[in-house]
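**Student:**
Numbering (the UniProt record's numbering), first residue to last: 1 to 260.
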């Protein structure tokens, strides 16, 4: 199987300002992954291949914008995560033809395997095409991935990172930015980053900060004014993880947190 990447300019909070769409092709069938929007380059790639399947790593708006258009144009089978059909239809404007679960394969080449990798989004999956892991918003070559409440789940995200690390992937093909050849090192860096951020959040709570806003101010030592909403959502996700581990007390109604 051969994988081709197309960078698609789209409205996204990712620093790249674009989402990567991928075409996984063999001699007779092709899978289009994360068509975020229609562009001349992606149109040309689709026209040159027999696209028989369309799927997304997750249903965030910056990954699904052209799913319906390319499905209508190609007549491809549209896939989504089982149990997420309503979310998928709401996000894409089209109903899926088939669903997959963990371990399923989409019939392209020797099979494109599905791994559950939630955390950034509840329905997030990774597609394994030979030695390539189409990992969506699980990892990025530089910086970090937003895992923000209420949708983000840091416990699930860390499990997904460690799980992929155990697979020892040759290459990660992320949803944003360049491909990642040092996959295990990148996954280790992202785990370490999350653990370090958690300690900063915990230190801020122990220092007497009792609201997500004040914890956010204390936990970040850089200017976050342009992404404050994302930083706050990340802090809440960390608080939820700390509360689940019995390290803090968190009242989501009053939005108050305190150390145990």
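Just so it is clear, CB atoms sit at the ideal spot from N, CA and C, and this is done for glycine as well.
For the pair the segment 243–258 and the segment 22–29, tell me if three or more CB-CB distances fall below 8 Å.
**Tutor:** With the cut-off at 8 Å, the segment 243–258 and the segment 22–29 do not touch.
**Student:** How about residue 164: is its Cβ closer than 7 Å to a heavy atom in the ligand SAH?
**Tutor:** In the structure shown, the ligand SAH is absent, as is every other ligand, since no ligand is present at all.
**Student:** Considering only C-alpha positions, which residue in the set 100, 64, 54, 45 is nearest to residue 18?
**Tutor:** Locating residue 18 in the chain shown gives position 18, counting from the first residue. The candidate whose alpha carbon is nearest that of residue 18 is 64.
**Student:** Measure how close the beta-carbons of residue 202 and residue 5 come, nearest whole angstrom, since I'm counting them as under 8 Å.
**Tutor:** As a first step, residue 202 must be located in the chain shown, where it is residue number 202. As a first step, residue 5 must be located in the chain shown, where it is residue number 5. Their Cβ separation, rounded to whole angstroms, is 38 Å, which puts residue 202 and residue 5 out of contact at 8 Å.
**Student:** Apart from the five residues on each side of it in sequence, which residues of its chain come closer than 6 Å, Cβ to Cβ, to residue 216?
**Tutor:** For the purposes of this step, residue 216 is taken as residue 216 along the chain shown, with counting starting at 1. Answer for residue 216: 231, 232, 235, listed in chain order.
**Student:** Pick helix, strand or coil for residue 272, following the three-state DSSP scheme.
**Tutor:** The displayed coordinates of the chain run from 1 to 260. Any statement about residue 272 would go beyond what the structure contains.
**Student:** Out of 97, 98, 114, which has the shortest C-alpha to C-alpha gap to residue 105?
**Tutor:** Residue numbering aside, residue 105 sits at position 105 when the chain shown is read from its first letter. Ranking 97, 98, 114 by Cα distance to residue 105 puts 114 first.
**Student:** Take residue 97 and list the residues in its own chain whose beta-carbon comes closer than 8 Å to its own, dropping the five residues that flank it on each side.
**Tutor:** Working through the chain shown from its first residue, we reach residue 97 at position 97. Here the set comprises 77, 78, 79.
**Student:** Buried or exposed: where does residue 261 fall if 16 or more other Cβ atoms within 10 Å of its Cβ makes it buried?
**Tutor:** Outside the shown range of the chain (1 to 260) lies residue 261, about which nothing can therefore be said.
**Student:** With distances taken Cα to Cα, identify the nearest neighbour of residue 252 among 211, 218, 223.
**Tutor:** Numbered from its first residue, the chain shown carries residue 252 at position 252. Cα-wise, what sits closest to residue 252 is 211.
**Student:** Does DSSP put residue 13 in a helix, in a strand, or in coil?
**Tutor:** If you number the chain shown from 1, residue 13 lands on position 13. In this structure, residue 13 counts as coil in the three-state DSSP scheme.
**Student:** Would residue 132 pass as a contact of residue 3 if the rule is Cβ separation under 8 Å?
**Tutor:** Position 132 of the chain shown, counting from 1, holds the residue named residue 132. Position 3 of the chain shown, counting from 1, holds the residue named residue 3. Against a cut-off of 8 Å, the Cβ pair of residue 3 and residue 132 comes out as a contact.
**Student:** Please work out which residues of its chain come closer than 6 Å, Cβ to Cβ, to residue 224, disregarding the five sequence neighbours upstream and downstream, and give them in chain order.
**Tutor:** To locate residue 224, count along the chain shown from 1; it is residue 224. The answer, listed in chain order, is 231.
**Student:** Quick one: measure Cβ to Cβ for residue 145 and residue 134, integer angstroms, because I've assumed they're closer than 8 Å.
**Tutor:** Indexing the chain shown from 1 puts residue 145 at position 145. Indexing the chain shown from 1 puts residue 134 at position 134. Not really, about 15 Å apart at Cβ, beyond 8 Å.
**Student:** Helix, strand or coil, according to DSSP, for residue 84 in the structure here?
**Tutor:** Position 84 of the chain shown holds residue 84. If DSSP states are grouped into helix, strand and coil, residue 84 belongs with coil.
**Student:** Quick one: using the 10 Å Cβ neighbour count with 16 as the cut-off for buried, is residue 166 buried or exposed?
**Tutor:** The residue you call residue 166 lines up with position 166 of the chain shown. Label assigned to residue 166: exposed.
**Student:** Suppose the cutoff is 8 Å on Cβ atoms and the five residues either side in sequence are ignored; what does the same chain contact list for residue 188 look like?
**Tutor:** Counted from its first residue, the chain shown places residue 188 at position 188. Only 165 meet the Cβ criterion.
**Student:** List the residues that DSSP assigns as beta-bridge partners of residue 25.
**Tutor:** The count along the chain shown starts at 1 and reaches residue 25 at position 25. Its beta-bridge partners are 2, 30.
**Student:** If we ignore side chains and look at the alpha-carbon of each, how far apart do residue 60 and residue 196 end up?
**Tutor:** For the purposes of this step, residue 60 is taken as the residue at position 60 of the chain shown. For the purposes of this step, residue 196 is taken as the residue at position 196 of the chain shown. Taking the straight line joining both Cα atoms gives about 27 Å.
**Student:** I need the straight-line Cα distance from residue 129 to residue 218, nearest angstrom please.
**Tutor:** Against the chain shown, residue 129 aligns to sequence position 129. Against the chain shown, residue 218 aligns to sequence position 218. Each residue's alpha carbon lies about 42 Å from the other.
**Student:** Residue 135 by DSSP, collapsed to three states: which one?
**Tutor:** The residue labelled residue 135 in the question sits at position 135 within the chain shown. If DSSP states are grouped into helix, strand and coil, residue 135 belongs with the strands.
**Student:** Measure the Cβ-Cβ separation of residue 112 and residue 127 and say whether it is below 8 Å.
**Tutor:** Here residue 112 is taken as the residue at index 112 of the chain shown, counted from 1. Here residue 127 is taken as the residue at index 127 of the chain shown, counted from 1. It is a contact, given that the beta carbons lie within the stated cut-off.
**Student:** Give every residue of the same chain whose Cβ lies closer than 6 Å to the Cβ of residue 241, excluding the five residues on either side of it in the sequence, and list them in chain order.
**Tutor:** Start at 1 with the first residue of the chain shown, and residue 241 comes out as number 241. Once the five neighbours on either side are set aside, the close Cβ partners of residue 241 are 154, 155.
**Student:** Cutting at 6 Å between CB atoms, please list the residues of its own chain near residue 100, excluding the five before and the five after it.
**Tutor:** Here residue 100 corresponds to residue number 100 of the chain shown, with the count starting at 1. The residues are 79, 114.
**Student:** Rounding to the nearest angstrom, what Cα-Cα distance links residue 16 and residue 258 in this structure?
**Tutor:** By one-based count along the chain shown, residue 16 stands at place 16. By one-based count along the chain shown, residue 258 stands at place 258. When rounded, the distance between both Cα atoms is 37 Å.
**Student:** Taking just the CA atoms, how far does residue 207 sit from residue 275?
**Tutor:** Here the chain covers residues 1 to 260 and nothing more, so residue 275 does not appear.
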